[in-house]
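> One structure, pasted below without further comment.
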Amino acid sequence: MKRLVVVGALGVLVLVLIAWLALRKLGAGDATSAAAENVVIASAPQEREEPEVPDLAAERAVPSVDSPEMVPARVAVTEPQEQPSLAELRGRMLDPDGAPLAGVTLELRGAAGNQELVQKYGEPKDWADRETQSDAEGRFRFVFDPPLAFQFFMDARAPGFARVSWRFFQLPPAQVTDVGDVRMPRAGSIRGRVVDERGAPVTGPWNVHAWSAWKPEGAGADMSSARARTEAERAEFLLEGLPPGPASLRAHSNMTNWIDGPVVEVKPGEELVADIVYRGPDNSRRITVTTFNRPLYVFSNPEPGTLKLLGADGTTRVAERVAGSSQSWSFENLPPGTYTAQIDDPRFLPWSEAGLSPGQTAKAQLVGASAIALTVLGEDGAPVEPYRMRLRYRNVTFQPDTFELRRADAAAPAHGTYSALVPGDCSVIVEAAGYASGSVDVDALAAGETRAVEMRLSRGSTVSGTVLDGSAAVANALVELVPFVPEPAQLDGTTFQNYFQARRAAANDAREARADAAGRFEFSGVPAGRYVLTSRVNSGLIAKLGPIECPGATEGLELRLPPSGTLSGRLIGPEGASFEGLQVKLQLRVTDADPWASHFRSLDGLRGDLPSELNTTTGEFRVGPVAAGTYAVSLSSGKFEIPHGFDGSSSFEGPSISLGEVELTSGVVERDFDVRAEFPGWLELDITLDGLPGAGLVVVPSSELVKGRLGSNQIAAKLDERGSARCGPAFPGQWSVNVRPIDGSWSWTAPASVALAPGTRLRLRYDIQLVRGALRVLDPTSGEPLRDHAVFLVSGNGNLMRKSTGPTGELELAIPAGSFGLLDAPADGDWPFDTRAAVPFDWPAPQGQAQELRLPPAPKGG
């Protein structure tokens, strides 16, 4: 196979590719707001307090903000223009009734996104967090120069209202991000204690968190949270500024790590009382050791069995990992006395701490037992200073695998010796001004060894050229120079994953340059090797050239965009209809004899959303430019998100309908589409739970399968503080409505499906009643209660809900009435692969029948 390859945005493809390989193995808002008067420009740097406990919020995809007018396509600049560098972040704050809120305090914080971004772009020394307030119209605006290695967090606070949060994994320069109109709900609070199973206070200090199910709509929306810290002698906490609806409580201490509390229902203007029950070992008879390794933080744990506790009486105990912790180890049920903790893992220097007593904690900084004595020389044999040094571990499965051990502006270590390294196969990577970067492999670096490494740097080659669209130069184009990774001769799941990892490493080593007004670009100091040049307009239009060999004929190159076309036209809908939420999409038609071809296109960045504009009033649309070819055209209802618990979510493409095919060659192809017969409507839901607004409940309507429909048959929404949601766009047909809480503790499906006519809005009202009680779970053979036992509850539509029995074998349930099943949890802690073995039962049990169930053996996990 001969194919030019280029590293694209690989990070977003990891889960897709791994999931595909696993399956193969198994068988928007209001119009853009006007500029506000309150503008924050870069100010003097200020120090930021590091968080005491980790942020557990899972990274979520940040959707773009679509105006109800034209959404601008991202197209290449073909005429010279100055490139602005400032980013703008703006929005408007409203009260629950939609009136402007003045004086809302908004704080913008920046922090390194990940180690790979820091190594690629560097971490700024002069970043300062920013703060502003909304004006009389509720509007706010931040204008700043965004560090490329940063992610950003924004919070909005106002007395009496819930805190609103956003998280942006990137705010690109020269781009406006508008979070739109944001309604701040009225706030409630939670007061409680951390107690043991008898209700006695467990003294701290504790860091207590509440994660809410509520979050705003629009770009960067994140779940709201609150945090409180108890003092060492107290166990009481107060969490304020929480929005209405479900909230999950958790507490953290150095002794226990994280412990789960209850899920509670916050009510506006009210203070709820809820305790967090600690069911772990007696902390007064326990010593906990937390291990670290900086900067090689992937090596933060000693090998099992190497962390020990020595008693004064000569006894030796081996630590056990604290449940749910990644770096904490515990010695439990200790008699009074003085102890010494020690680590004898040969990968690290010996560590110990004496004088420990039960009830205390210790921190162990692991120091690697290997070293590299590095000498960096130029072509003339003279020492090179200063230089930047990174260490990459090879033949490993973890990420990141590369760590910066010296910044270019830092002093060199004595005798060039980099100590505290962890043994293994690694590579030393050096960069110095005026030289090409250099790399030397260090194989089998052993514990206790200091390996002498000499690096000779060359001046390298120059790679230069012009970005062209036809015969016209493309001004200001971003060009990447990426190390070339050849395709494996034979492909299977393993070799493809290895190839994928190599492509990811190459992407981390890619260099960027901005073309000038005449489209010219240049890379100097390029090391010997093979490379690919790319310039990306969008996921459907990428210029690439390579592989090119350095040294060689690498100057005056022409990096040409492929021939491209654009689809333009109008959607014909019912008179006066709104096209809100819809998107016209293109998908390249290809016939792949090679089953791996689509995955190579993904690695090349050729899979993803194409630039698409849609006027929500007139139905006029424009998609492209994209590379010439035959494309399938579809009308999509957009992307939807389903939260999974309070710290994660998944997004999916909603239903779409086919609009036919179009051949794009060059220029603009005009095409109108009559979609009146299939024009989507909306489901407008009002749901109460036990007679109260179902704030935070997740609604997932599913349509019947219809020939010609594409993508998923589901849409989703989350109920606001009033228990209401607009769910759509929804194509006409029969829809069934499923409702579940964010923690997945139960699932309810409406007893009858509903018919949605084209272009209509269907209002639905449901009241869900929960039936509370206990189901006694018994061993299938002995009939004895299964105490503190993990099980899965299976709803009538197949949803799985993880549960656990209590100390008496009783499963406490608060679920809607209906038919369910119960499964024993797999021993490996995985989710059940087959639910057919579930024991059926009705809830509540018919009058006169016992509320107990014998559980069959655990099914195989999957």
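Our numbering puts the first residue of the sequence shown at 69, with every later residue one more than the last. All C-beta atoms, glycine included, are put in the ideal place defined by N, C-alpha and C. Nothing here was measured: the structure is a model prediction, and the numbers come from that model.
Below 8 Å CB to CB, which residues in the same chain sit around Cys618 once its five sequence neighbours on both sides are set aside?
So the list reads Gly528, Ser529, Val531, Val594, Pro595, Ala596, Gly597, Arg598, Tyr599, once near-sequence residues are dropped.
> Output the distance between the C-alpha atoms of Gly624 and Met291, rounded to the nearest integer angstrom.
Going from the Cα of Gly624 to the Cα of Met291 covers about 51 Å.
> Exposed or buried, which one is Ala478 when buried takes at least 16 other CB atoms within 10 Å?
With fewer than 16 Cβ atoms within 10 Å of its Cβ, Ala478 is classed as exposed.
> Cutting at 7 Å between CB atoms, please list the residues of its own chain near Arg833, excluding the five before and the five after it.
So the qualifying residues of the chain are Asp754.
> Sorry if obvious, but does the Cβ on Gly644 come closer than 7 Å to a heavy atom of the ligand MG?
As presented, the structure is devoid of all ligands, the ligand MG included, so that no description of it is given.
> State yes or no: is the C-beta of Ser603 within less than 8 Å of the C-beta of Leu627?
Yes, the pair counts as a contact, with Cβ atoms nearer than the cut-off.
> Rounded to a whole number of angstroms, what is the C-alpha to C-alpha distance between Ala102 and Phe210?
The predicted position of Ala102 is uncertain, since its pLDDT is 31 and thus under 50; a value taken from the coordinates is nonetheless stated next. Near 13 Å, if we compare the C-alpha coordinates of Phe210 and Ala102.
> If the criterion is Cβ atoms closer than 8 Å, does the pair Gly687 and Ile640 meet it?
Yes.
> Quick one: Cα of Glu308 to Cα of Lys871, how far?
Near 29 Å, if we compare the C-alpha coordinates of Lys871 and Glu308.
> Taking the straight line between their C-alpha atoms, what separation do you get for Pro912 and Glu920?
Distance between the alpha carbons of Pro912 and Glu920: 11 Å.
> On the criterion of 16 or more Cβ atoms from any shown chain inside 10 Å, does Asp577 qualify as buried, or is it exposed?
By the neighbour-count rule (16 or more Cβ atoms within 10 Å), Asp577 is buried.
> Within 10 angstroms of its Cβ, does Ser680 collect 16 or more other Cβ (buried), or is it exposed?
Label assigned to Ser680: buried.
> Please name the residue or residues paired with Lys376 in a DSSP beta bridge.
DSSP, once it has assigned bridges, lists Val386, Gln410 as partnering Lys376.
> Please list, in chain order, all residues of the same chain as Arg251 whose beta carbon is under 6 Å from its beta carbon, the five residues on each side excluded.
These residues qualify, in order along the chain: Leu162, Pro164.
> Can you tell me whether Thr931 is buried or exposed? The criterion is at least 16 other CB atoms within 10 Å of its CB, across all chains shown.
Past the boundaries of the shown model lies residue 931; the chain is included only from 69 to 930, so the question cannot be answered.
> Using 8 Å as the threshold, is the C-beta distance between Ala170 and Asp203 below it?
Yes, the Cβ-Cβ distance between Ala170 and Asp203 is below 8 Å.
> Report the start-end ranges of each beta strand (DSSP E) in the segment 200–257 that is 3 residues or longer and not cut off at the edges.
Listed in chain order, the complete beta strand (DSSP E) runs (minimum 3 residues) inside the segment 200–257 are 207–212, 218–225, 232–236, 244–251.
> Got a sec? Which residues, its chain only, sit under 8 Å from Glu150 by beta carbon, not counting five neighbours each side?
Note that Glu150 scores 43 on pLDDT, short of 50, meaning its location in the model is unreliable; the coordinates nonetheless yield the value given after this. Nothing listed; no residue qualifies.
> Does the Cβ-Cβ distance between Glu472 and Gln187 come in under 8 Å?
In contact: Glu472 and Gln187 (Cβ atoms closer than 8 Å).
> Along the alpha helix (DSSP H) that carries Glu184, what are the first and last residues, could you check?
Looking at the DSSP string, the run of the alpha helix (DSSP H) that includes Glu184 is 183–189.
> Short of 6 Å in beta carbon distance, which residues of its chain neighbour Asn934, apart from the five on each side in sequence? Order them along the chain.
A query on residue 934 cannot be resolved here, the shown segment of the chain reaching from 69 to 930 and no further.
> Based on the DSSP secondary-structure assignment, which residues constitute the bridge partners of Thr358?
BP columns for Thr358 point to Ser396, Lys431.
> Going by C-alpha distance, which of Val652, Arg524, Thr817 is nearest Ala700?
Among Val652, Arg524, Thr817, the Cα nearest to that of Ala700 is on Val652.
> State the CB to CB distance for the pair Leu843 and Pro809, rounded to an integer number of angstroms; the pair is presumed to be in contact (CB under 8 Å).
That belief does not hold up - the Cβ atoms of Leu843 and Pro809 are roughly 19 Å apart, past 8 Å.
> Look up Phe568 in the DSSP assignment and say whether it is helix, strand or coil.
The answer is helix: DSSP assigns Phe568 an H, G or I state.
> Is the number of C-beta pairs between the segment 418–431 and the segment 441–454 that are closer than 8 Å three or more?
Taking 8 Å as the limit for Cβ pairs, the verdict is that the segment 441–454 does not touch the segment 418–431.
> Rounding to the nearest angstrom, what Cα-Cα distance links Gly713 and Gln433 in this structure?
The alpha-carbon atoms of Gly713 and Gln433 are separated by roughly 33 Å.
> Can you give me the Cβ contacts of Asn463 inside the same chain, cut-off strictly under 6 Å, excluding the 5 residues immediately before and after it?
Hits under 6 Å: Asp493.
> Please give me, in chain order, every unbroken run of the beta strand (DSSP E) with length at least 3 that falls completely inside the segment 711–758.
Whole beta strand (DSSP E) segments, 3+ residues: 717–721, 724–732, 735–738, 749–757.
> Determine the contact status of Pro168 and Pro253, defining contact as a CB-CB distance below 8 Å.
No, they are not a contact pair.
> Taking Cβ positions, are Phe466 and Val334 nearer each other than 8 Å?
No; because the gap between Cβ atoms is not below 8 Å, this pair is not in contact.
> Less than 8 Å between the CB atoms is what I'm expecting for Pro642 and Gly827, so what's the real figure, rounded?
That pair is a contact at about 4 Å.
> Would the segment 789–807 count as touching the segment 770–781 if we require 3 or more Cβ pairs under 8 Å?
Yes: at least three Cβ pairs fall under 8 Å.
> With Glu626 as the anchor, note down where its beta strand (DSSP E) starts and where it stops.
Run containing Glu626: 625–629, per the beta strand (DSSP E) assignment.
> Using the Cβ count rule (16 or more neighbours within 10 Å means buried), how would you classify Gln183?
Classification of Gln183: buried, given that the 10 Å Cβ count is 16 or more.
> Find out if the Cβ-Cβ distance for the pair Ser821, Gly779 is shorter than 8 Å.
Not a contact, by the Cβ cut-off of 8 Å.
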